[in-house]
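Trainee: Start counting the sequence shown at 10; every next residue gets the next number (the numbering used here). Glycine is no exception: its CB is placed at the ideal position from the N, C-alpha and C atoms. Take a look at this one; I'll ask things after.
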Amino acid sequence: MPQPRPALFLDRDGVINIDHGYPHRVEDFDFMPDAADAIKFAHQSGFPIFVVTNQGGIGLGYFDIAAVHRFHTHMCECITAKGGQIMDIAICSHHPKAIDPEMRDCSCRKPKPGMILDLANRHQIDLSRSVMIGDRDTDMAAASAAGCHGILYSGGSLLPIMMEAVKQLSRTDESYS
Ligand SMILES: [Mg+2]
Numbered sequence: 010m011p012q013p014r015p016a017l018f019l020d021r022d023g024v025i026n027i028d029h030g031y032p033h034r035v036e037d038f039d040f041m042p043d044a045a046d047a048i049k050f051a052h053q054s055g056f057p058i059f060v061v062t063n064q065g066g067i068g069l070g071y072f073d074i075a076a077v078h079r080f081h082t083h084m085c086e087c088i089t090a091k092g093g094q095i096m097d098i099a100i101c102s103h104h105p106k107a108i109d110p111e112m113r114d115c116s117c118r119k120p121k122p123g124m125i126l127d128l129a130n131r132h133q134i135d136l137s138r139s140v141m142i143g144d145r146d147t148d149m150a151a152a153s154a155a156g157c158h159g160i161l162y163s164g165g166s167l168l169p170i171m172m173e174a175v176k177q178l179s180r181t182d183e184s185y186s
């Protein structure tokens, strides 16, 4: 059984890619400034990287899960081509105003911590030594509820934010072997 290790959690829209408003088409994927280099930096620093994304547009009927998977395949290919790597992606397809009443309530939609907790459980991640970067208060609330450190990113180059995140991860990494 491997030792739980620290990890980096990234929100998607507004952190990895520009949030054009429910982006879901491959042709609408555009990196946030320096996002590819920032992810490469975190990957080369040795930390597993996960994406946790609210995609309530599925519940609202704007697009389906297949579109999200196509978007993520493209996103991961772009990231890999630039030297980075995403280990896993968690998607919440629920929304309080979802068409299907059964899609309205969940434990995964941020600010709830369900996606982070699930990934941590499946990949043996030590959340107390992990960091989440997001662009909304709901990301910070999810990080806090999951017991990891949240860093709020409000645009501009993602690199200095990522350097801060890696510093936090490294600082809390001393007991990791
Ligand atoms: Mg966002």
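Can you tell me whether Val-140 is helix, strand or coil according to DSSP?
Mentor: Strand at Val-140.
Trainee: DSSP three-state label for Asp-43, please.
Mentor: Residue state, collapsed to three classes: coil.
Trainee: CA-CA distance, Phe-40 and Asp-114?
Mentor: Whole-angstrom Cα-Cα distance: 31 Å.
Trainee: If contacts are defined as beta-carbon pairs under 8 Å, then Ala-47 and Ile-58 qualify, I think. What distance do you get, rounded to the angstrom?
Mentor: Contact flag wrong, Cβ pair sits at about 10 Å.
Trainee: Please report the distance separating the alpha-carbon of Val-101 from that of Arg-138.
Mentor: Contrary to the premise, residue 101 reads as Cys rather than Val in this sequence. Spanning the two alpha carbons is a distance of roughly 24 Å.
Trainee: Report whether the distance from the Cβ of Gly-30 to the nearest heavy atom of ligand 1 is below 7 Å.
Mentor: Answer for Gly-30: no, Cβ out of range of ligand 1.
Trainee: Below 8 Å on the Cβ atoms is my guess for Ile-170 versus Ile-142; work out the distance and round it to an integer in Å.
Mentor: Sure, about 6 Å apart at Cβ, within 8 Å.
Trainee: Could you tell me whether any non-hydrogen atom of ligand 1 is closer than 7 Å to the CB of Asp-73?
Mentor: No, ligand 1 has no heavy atom inside 7 Å of this Cβ.
Trainee: Compute the beta-carbon to beta-carbon distance between Val-24 and Asp-144, rounded to the nearest angstrom, for a pair I have assumed lies under 8 Å.
Mentor: Right, the Cβ-Cβ distance comes to about 5 Å (below 8 Å), so this counts as a contact.
Trainee: Please classify Leu-19: is it buried, with 16 or more other beta-carbons within 10 angstroms of its beta-carbon, or exposed?
Mentor: The residue in question, Leu-19, is buried, as its Cβ has 16 or more Cβ neighbours within 10 Å.
Trainee: As an exercise, report each continuous alpha helix (DSSP H) stretch of at least 4 residues that is fully enclosed by the segment 50-96, in chain order.
Mentor: Correct list: 65-68, 74-90.
Trainee: Identify which residue in Glu-36, Gly-68, Gly-55, Pro-32 has its Cα closest to the Cα of Ala-174.
Mentor: Closest by alpha carbon: Gly-55.
Trainee: Are the beta-carbon atoms of Pro-15 and Gln-133 separated by less than 8 Å?
Mentor: Not in contact: Pro-15 and Gln-133 (Cβ atoms no closer than 8 Å).
Trainee: Based on Cα-Cα distance, which residue from Gln-177, Leu-178, Ala-76, Ser-166 lies nearest to Asp-43?
Mentor: Here the closest residue by C-alpha is Ser-166.
Trainee: Determine the burial state of Ile-108: buried for a count of at least 16 other Cβ atoms within 10 Å of its Cβ, exposed for fewer.
Mentor: Looking at its Cβ environment, which holds fewer than 16 other Cβ atoms inside 10 Å, Ile-108 is exposed.
Trainee: Listed in chain order, which residues are found with a beta carbon closer than 7 Å to a heavy atom of ligand 1?
Mentor: Those residues, listed in chain order, are Asp-20, Arg-21, Asp-22, Gly-23, Val-24, Asp-28, Gly-143, Asp-144, Arg-145, Asp-148.
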